[in-house]
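Residue numbers (the numbering used here), protein chains in the order written: chain A, 28 to 325; chain B, 26 to 445; chain C, 6 to 359.
Beta carbons are placed, not taken as given, at the ideal position from N, Cα and C, and that holds for glycine.
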Amino acid sequence: MGTTTAERPATTSPAPEPERRARKRFRWTTATSYTVLSVLALVYVLPFLVQLANSFKTDAAATADPLDLVPSPVTTGSYVQLFTGLPFGLAATNSVVVALSVTAGRVFFSSLAGYALARLRFRGSSLVMAAFLAVIAVPPVVLLIPKFLVLNQLGIYNSYAGLIIPLMADAAGVFIMRNFFASIPTSVEEAAKLDGAGAFRTFWSVVLPMARPAVITITILSFQASWNELSHFIVASNSPDLITLTKLVAQLASGGQGQSNQYPLKLAAALLMTVPVAVLFFAFQKKIMSTAEGAVKE
Amino acid sequence: MSRTRTRSLAVAASLASATLLLSACGGSGFDDAPAAGGTGSGSAGTGQLQVLIGSSGQAETAAVTEAVSAWSQESGTQATVTAASDLAQELSQGFAAQTPPDVFYVSADLFNSYAASGALEPYGDQLSNADDFYPVLKEAFTRDGQLYCAPKDFSTLALVINTDLWAQAGLTDADVPTTWDQLRTVAQRLTANGVTGLSTSAEYSRLGAFMAEAGGGLVTDGEATADSQQNVEALQYVQSLMADGSYAFAADLGAGWGGEAFGTGKAAMTIEGNWLVGAMASDYPDVQYRVVELPAGPAGKGTLTFTNCWGIAADSQNKEAAVALVEDLTSSDQQLAFARGFGVMPSLQSAAQPFSQEFPAQAAFLAGADYATAVPNAEGVSDVITDLNSQLEGLEGGDPQAVLQRTQTNLEAALQSSGS
Amino acid sequence: MAALTTPSAAAPPTPRRRSGQARRREAGAGWLFTAPALALVLLFIALPVLMALWVSITDWRGRGSPFEPGVPVVGLDNYRQLLAGGGLPTQDLGTALRNNLWYVLLVVPTQTVVALLLATAVNDRLLRGRGFFRTAFYFPSVTSSVAITVLFLFLFGASGAVNQVLGWLGVNGPNWFADPDGVLHLLFGVVGVDTAPALLAGHGLLGVSWWDWLAGPSVAMSALIIMAVFTTSGTFMLLFLAALQNIAGEVSEAATMDGANAWQRFVFVTVPMLRPTLFTVLTLGLVGTWQVFDQIYTLGNQGGPAKTTVTPAFLSYTTSFTNGQWGQGAAIAFILFAIIIVLTLVQRAVLRER
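Next up, the structure:
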């Protein structure tokens, strides 16, 4: 996990063929594959361009010419309405608070537990491991109803705690961290231990800094997951003060009969809520590309 | 990183987990769970009322908020109005948490389910104006002989005509249809140039009007009568209009509901209720239209009526004030104000006269009150209607008899298990 | 992610000479370190499962706590009513399972194949703009299902972008999200079979006739299927990409020896080597596609048109949170749970054998 030889080809020599034939064939296949790939890329990218363009159109223009990539007239009406007519600012603030808290919690708790499971010897560790493994198999959707019951029972229904704490439960993160810690050499910690440092100190100031790649992985995964979460927020609160972006946009989209389609408004909302994860994606693009790779390779 | 800092982090971590486990074992029950703000928060002892409404839009929210705050000033009891984004879900979460809003909208189809669970306070006998409500509306909110909640207002279905398209097709006032045959004729005349004569959404709450006009209905005297010959006749009539090409479901015209198909000029006529008036004013202010009574079918005139009531939670800490608020909100004056605000009709018979004076254009809706039938709302029936709706979407090429037979079976099962 | 299914166990190091005290301290730290994560998981995953199991054998109507003495316990009645009752609950569950089954059957293979092909394409060392292509294909995966559903609602509108493009090609596109017709029924209609043969109409499973099981996904569901492939193929492309780079050396060696052409190399050398990744992708796909909820909620038409986009997850939600039939809703959730577990085990057995 985490070792990235990704971009480096293992063997470089191409098949030994007469050079001329090779070049000719190469050209032909390249042209085809570039064409096919470009069309495919267009299919993947165009929807987002259409979204961007239409969010700056009027309702009528968006309905009439959805494919027109240059809005005319250009209007920022949708964006203005998001912040004046809808609680978009509140929802965005809540989403940020929730996603950051969940991410911080997951990173801290998962790396603590992952480290313990990889390095510390204690009676029952295999039992703990089995517990984590077992809950990974539980599909989140099955938990919709009972999560609401638990939150209620704990008295944290309709509170930030109710939105945040349950999402911190992350068995997968524990495994990612455990596997990472298992893959790095023990010598440094051994030295720290001989120095007489306690387990937590060793973990915090020696081990965790070495785990940066894995921590970044979990950070990205956690932020993306909690930012994009919907069902938990639906069952964890009904207070308008605790609305999050996913909930707001979903309700906006499914919104009532008797209103016009408001496509530009909905598209603008969906676009804005994608911005943070998109930024995260572009900032850590290299890392993300190797995150998945690392997961496979371990 | 200093040593003390790291240690305190470790302590914090263990504390956090201990707290979680403790609170799990301690099982602080549902009862004493304090909700942090918002619609769910019952207002124990403070004398404050939470009002949760399922609003049709800005106009309704504003009108209700205004009415409630006026009452607050007068009575000295604070009250907050919140518009739910998903009323049913928010209410059921509130009931389970035992922190429901004090006063809230209850739709007729969910009424029996709420009442059966004990979530609703039956306060009908405390209302001074109880006798003034239309009987058909009171019936919808009566269970075991008890009136649970006050009908908030009501709407009926009527035929809505785009007058410009009407004139273009060479039709005059004399052509306004009063029978099914005439409806067929005008719908055909209006179908041209990409305009469909008549469009509604594909659901029982529109097509049910045809059933009523044919003398049918889903439930008669507590018995399931979905597969009656009258209902078959009604659906076959609709099918024949579709075969003519003069009737299409809104979805098939690319519209979300009949009003959108009508407002965008894709259909020249639609069958909708009072709410259409508000939607037309805000979304399609340029479309000229008039509202007439639905044409009579083989069994005479018929239409459907829809209503909500003001529910009061059994778990409310402040029922007395809640009843006082509801009494104020259902008073004749207040209901007329709501009619001005968002186009509903007062649920009080005594308010009919002033209403028709103030809104002559809506006379057809009000006239429907005399012969309207309510949508059946015994427990479990709303699921049957949902299922019927899913069948009606395929009506054009479907078999009405089979559709109604299926509904009959489901309806019998539902009525049997609800024991009514 | 694959790491989860195949935990590699580098055993904890065996320290030299440990005093009893040091061992005790280490054990204490071990429990202390795992406690928060364990508590969270037990409290918000394990405990809820048990609570739901309880609710599924009661007829709790959603007022107050389901653990109060007055709540009627009905045993397996909820399950019986859903699986063998034959009434509306059975029909609804049957319809939801039918819808979701077609979704799974179409999404899982398609996204796997698309992801593999994309990965192979962007793995080409000689490809210019590799970074761009990878980014383009992966980007839809980072967006939330809510945002992407909003976008697809717009693209697949009656006179939306997709239908305009189809219009250029001379095709009259359907009103996607409002069209309840089953795709297979439409195809049968093309060859002249548009009413059910008596044999198929008269019998069925879970209150849904065989003819209706064979309807295929509705046009509306098809739009969701396209959306699922669009959003997930990027994620799985990354998994395949990583695996491809791992085996790059071996593949070209094999190819050099055989003189096989590119396609043969791909089918007979590359794909077999990718089996572990294939397994991961199929498992993740299978588990994910049985849990469709966000999209249906965002569509906002309650699983319409004509119930053809209702999924078991969504049905469980509405049964509980809208209709107040909490016992039945919880039972649906457990039936779904069982399906996911069984299918995962079956798939595991099938792929392991070869």
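Name the chain B residues that come within less than 9 Å of residue i, Cβ to Cβ?
i	result
A/Gln278	Ser110 and Asp111
C/Asn83	Chain B residues near C/Asn83: none, gap ~13 Å exceeds 9 Å.
Tell me where the beta strand (DSSP E) around residue i begins and ends.
i	result
B/Thr332	Thr328 to Ile337
B/Tyr396	Premise fails: B/Tyr396 is in no beta strand (DSSP E) and is neither H nor E.
C/Arg28	Unbroken run through C/Arg28 is the alpha helix (DSSP H), Gly25 to Val46; no beta strand (DSSP E).
B/Ile296	Ala292 to Glu297
B/Val317	Tyr314 to Val317
B/Ala104	Ala104 to Ala108
Counting only beta-carbon atoms, is residue i nearer than 7 Å to chain A?
i	result
C/Gly25	no
B/Thr250	no
C/Ala335	yes
C/Ile50	yes
C/Ala15	For C/Ala15, the predicted structure reports a pLDDT of 44, less than 50, and the residue's modelled location is therefore unreliable. The matter cannot be settled from this model.
B/Glu115	yes
Would residue i count as contacting chain B if we go by Cβ distances under 7 Å?
i	result
C/Asn168	no
A/Tyr184	yes
A/Asn179	yes
A/Asn265	yes
C/Asn104	no
C/Arg66	yes
C/Gly92	yes
Is it buried or exposed, residue i, if we count other Cβ atoms within 10 angstroms and call 16 or more buried?
i	result
C/Phe342	buried
C/Glu73	exposed
C/Thr63	buried
C/His208	exposed
C/Asn177	exposed
C/Pro185	buried
B/Ser442	exposed
C/Lys312	buried
A/Glu320	Only weak support exists for where A/Glu320 lies, its pLDDT of 46 falling under 50; the value from the coordinates is given anyway. With 16 or more other Cβ atoms within 10 Å, it is buried.
B/Asn435	buried
C/Gly175	exposed
A/Ala58	exposed
B/Ser271	buried
Taking residue i as the query, report the chain A residues whose CB atoms sit under 7 Å from its CB, ordered along the chain.
i	result
B/Glu228	Result: empty, since nearest Cβ-Cβ is about 11 Å, beyond 7 Å.
C/Tyr322	Leu171
C/Trp36	Phe149
Does any residue of chain C have a CB that is nearer than 7 Å to the CB of residue i?
i	result
A/Asn255	yes
B/Asp157	no
A/Lys174	yes
B/Phe120	yes
B/Asn435	yes
A/Ala310	no
B/Ser81	no
Along chain C, in chain order, which residues have C-beta atoms closer than 8 Å to that of residue i?
i	result
A/Arg332	Here chain A covers residues 28 to 325 and nothing more, so residue 332 of chain A does not appear.
A/Phe136	Pro41, Ala42 and Leu45
A/Pro236	In chain order: nothing, as chain C lies at least about 17 Å away.
With residue i as the anchor, note down where its alpha helix (DSSP H) starts and where it stops.
i	result
C/Thr154	Ser150 to Leu160
B/Phe380	Ala377 to Glu383
B/Gln75	Here B/Gln75 belongs to no alpha helix (DSSP H); instead the beta strand (DSSP E) covers Leu74 to Ile78.
B/Ser23	Because chain B in this structure spans residues 26 to 445, residue 23 of chain B falls outside the shown range and cannot be described.
B/Ala403	Taken as a continuous stretch (DSSP letters only), B/Ala403 belongs to no alpha helix (DSSP H), as it is neither H nor E.
Note down, in chain order, every chain A residue with its Cβ under 9 Å from the Cβ of residue i.
i	result
C/Trp268	Near C/Trp268 there are no residues of chain A at all, since even the closest Cβ is about 11 Å away, more than 9 Å.
B/Ala327	The displayed chain sequence assigns Gly, not Ala, to residue 327 of chain B. Per Cβ cutoff of 9 Å: no residues; B/Gly327 is ~23 Å from chain A at best.
Starting from residue i, find everything on chain C with Cβ-Cβ shorter than 7 Å and list it in chain order.
i	result
B/Ser138	Asn328 and Gly329
Going residue by residue through the segment 156 to 234 of chain A, where are the continuous alpha helix (DSSP H) segments of at least 4 residues, counting only ones entirely within it? 171 to 181, 187 to 195, 198 to 210 and 214 to 221
What are the start and end residues of each continuous alpha helix (DSSP H) run of 4 or more residues lying completely inside the segment 54 to 137 of chain A, in chain order? 86 to 91 and 104 to 111
Quick check on the DSSP output: what are the complete alpha helix (DSSP H) runs of length 4 or more inside the segment 165 to 248 of chain B, in order along the chain? 188 to 193, 205 to 215 and 229 to 238
Every unbroken alpha helix (DSSP H) within the segment 188 to 268 of chain C, with a cutoff of 4 residues, ordered by chain: 188 to 195, 203 to 207, 215 to 218 and 224 to 263
Go through the segment 48 to 82 of chain C residue by residue and report every complete run of the beta strand (DSSP E) that reaches 3 residues or more, in order. none
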